[in-house]
Amino acid sequence: MIPRLMCTQHPDATVKVTANEEVDEALVSFIGYGCDEVMVDYEGKSTPYTQPKEVVMKAVRAEIKLGERFFVTPRMPNPRLEELERSLLTLEAAVSANYFSWKYLGAQAVRWVVLPMVSDFETYFLTRRILERKAKTIREELGADVGEIELIPLFEDVLAQVKAPELLRELFRRARENNQEIKEFRVFLGKSDAAVKYGHVASSLSMRHVLRELRRLAQEEGVEVYPMLGMGSPPFRGGINNPNLVSYEVAQYSGYTTATIQSAVRYDVSYDVYLKVKDMILFGCCKGAEAVEIDPQLINRFAAAYKAFATPLLPKALELAKLVPSTRDRVSWTAYGRE
1380 MIPRLMCTQH PDATVKVTAN EEVDEALVSF IGYGCDEVMV DYEGKSTPYT QPKEVVMKAV
1440 RAEIKLGERF FVTPRMPNPR LEELERSLLT LEAAVSANYF SWKYLGAQAV RWVVLPMVSD
1500 FETYFLTRRI LERKAKTIRE ELGADVGEIE LIPLFEDVLA QVKAPELLRE LFRRARENNQ
1560 EIKEFRVFLG KSDAAVKYGH VASSLSMRHV LRELRRLAQE EGVEVYPMLG MGSPPFRGGI
1620 NNPNLVSYEV AQYSGYTTAT IQSAVRYDVS YDVYLKVKDM ILFGCCKGAE AVEIDPQLIN
1680 RFAAAYKAFA TPLLPKALEL AKLVPSTRDR VSWTAYGRE
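Each residue of the sequence shown is one higher than the last, beginning at 1380 in the working numbering.
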């Protein structure tokens, strides 16, 4: 089963949610908001490394069937951009959560881990090898089943998104050379960072371009490719969580299988309005990507125009950003790998 709705821990709401409250938040996401997948986020966040296990154990007591209909999907720090220690501990947390979910539920709660800011396949393969070795150690030393965890590459940069299909083609080729059969593959496309760095127009065009190219890649490689949309509410997070825009957004970005349900649409609108957003996202998912071809050079031109306009405003924007209250527990900006 491929999840359709992923509830996230994005700091885009007006409501403060502490790391201690995020375990209960995960259960509410499953039961109240109808998400079949919850992201436990370690990228730039001071999330406890026990949180995936705590979600599993609380789900056991609440009789929520993780690993069958509901899943926990950690997002790890990119080891190339943040401290290696945090990446290793996140992978350890994912494997540990599966140890307990198999023990108490007889199922695999963590089937995927998200690797953010992917721009090369070497980092992907490095992370995958580390993850496989951690799982192998648990199996061999403890005789415990922790399942097979797949790695989801997250492309959040316009330039990385444009070249994502070719990176994935190389990834599939390398897997075949190692006698690894890939039948299905999840790919995460992020709108927020792309829009901040390159502008809404360029990031919108790049998302539509890559959705079309991923459909072509799936046909040529014989792999079921499941695109995930990382989008939320305006101005920079896209509009798929916005009640007034969602019907247009699901049509514009057709071809997705999973979409994120970020914090703002859960906490800053009424529950009835949220349900309408949710239903529209489910209605729009799992359809074919649009056939319109988009020239990557057009994307580059819009990106250049945005940068020329936005760069002089950057000092003032940074000054104002310091005044915005934090709504999630974050690591220091010096430990965060984003530019």
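C-beta atoms are modelled at their ideal positions from N, C-alpha and C, and glycine is treated no differently.
Exposed or buried, residue i, counting other C-beta atoms within 10 Å across all chains shown (16 or more means buried)?
i     : result
K1657 : buried
P1694 : exposed
E1628 : buried
I1410 : exposed
Y1650 : exposed
G1569 : buried
S1705 : exposed
F1564 : buried
L1702 : exposed
L1463 : exposed
T1516 : exposed
N1557 : exposed
A1687 : exposed
A1683 : exposed
Q1641 : buried
A1696 : exposed
Specify the secondary structure class of residue i as computed by DSSP and reduced to three states.
i     : result
F1534 : strand
T1506 : helix
F1409 : helix
Y1577 : helix
K1657 : helix
E1563 : strand
R1794 : Given that the chain is displayed from residue 1380 to residue 1718, the structure contains no residue 1794 and the question cannot be resolved.
P1453 : strand
K1395 : coil
N1621 : coil
K1515 : helix
K1701 : coil
I1678 : helix
S1498 : coil
M1586 : helix
G1522 : coil
K1542 : helix
M1380 : coil
P1694 : helix
P1615 : Sequence inspection shows Phe at residue 1615; the Pro mentioned does not correspond to that position. Coil.
N1557 : coil
A1684 : helix
E1471 : helix
Suppose contacts are defined by Cβ-Cβ distances below 8 Å. Is residue i in contact with residue j by that definition?
i     : j     : result
Y1421 : P1382 : no
Y1483 : V1439 : yes
Q1487 : G1526 : yes
S1493 : A1473 : Just to set this straight, residue 1493 is Val in the shown sequence, not Ser. No.
D1536 : D1499 : no
R1448 : D1403 : no
P1458 : T1506 : yes
Y1428 : L1468 : yes
V1644 : G1611 : yes
A1630 : V1589 : no
P1532 : V1566 : yes
V1648 : P1622 : yes
S1626 : M1659 : yes
V1417 : Q1430 : no
A1476 : K1432 : yes
F1551 : E1592 : no
V1497 : I1678 : no
M1607 : Y1653 : no
G1667 : R1594 : yes
A1441 : L1406 : yes
Would you list the one or two residues that DSSP bridges to residue i?
i     : result
G1446 : Partner(s): none; G1446 has no beta bridge.
C1386 : V1417 and I1640
R1709 : K1424
E1603 : E1563
W1491 : E1529
L1608 : L1568 and A1638
Given residue i, which residues of its chain have a CB within under 7 Å of its CB, disregarding the five upstream and five downstream residues?
i     : result
R1707 : Q1388, P1390, V1396 and K1424
V1575 : F1615
G1446 : S1480, L1484, A1486, Q1487 and A1488
P1495 : E1422, R1454, N1457, L1533 and E1535
K1655 : P1622
A1554 : I1561
Counting only the same chain and skipping the five closest in sequence on each side, list residues whose C-beta sits under 8 Å from that of residue i.
i     : result
L1596 : P1544, L1547, R1548, V1602 and V1604
L1510 : L1470, A1473, V1474, V1492, I1528 and L1530
T1426 : Q1388, A1398, E1401, V1419, D1420 and D1708
F1681 : Y1577, G1578, V1580, A1581 and L1584
T1502 : N1457, P1458, R1459 and L1494
Beta-carbon within less than 6 Å of residue i's beta-carbon, same chain only, minus the 5 sequence neighbours each way: which residues are those?
i     : result
N1646 : Note on residue identity: the sequence assigns Tyr, not Asn, to residue 1646. Same-chain partners within the cutoff: A1392 and V1394.
E1669 : S1633
M1434 : The sequence as given places Val at residue 1434; Met does not occur at that position. Once the five neighbours on either side are set aside, the close Cβ partners of V1434 are V1402, A1405 and V1451.
At a cut-off of 7 Å, would you count residue i as near the ligand SAH, judging by its Cβ distance to the nearest heavy atom?
i     : result
A1670 : This structure lacks the ligand SAH, and indeed carries no ligand of any kind.
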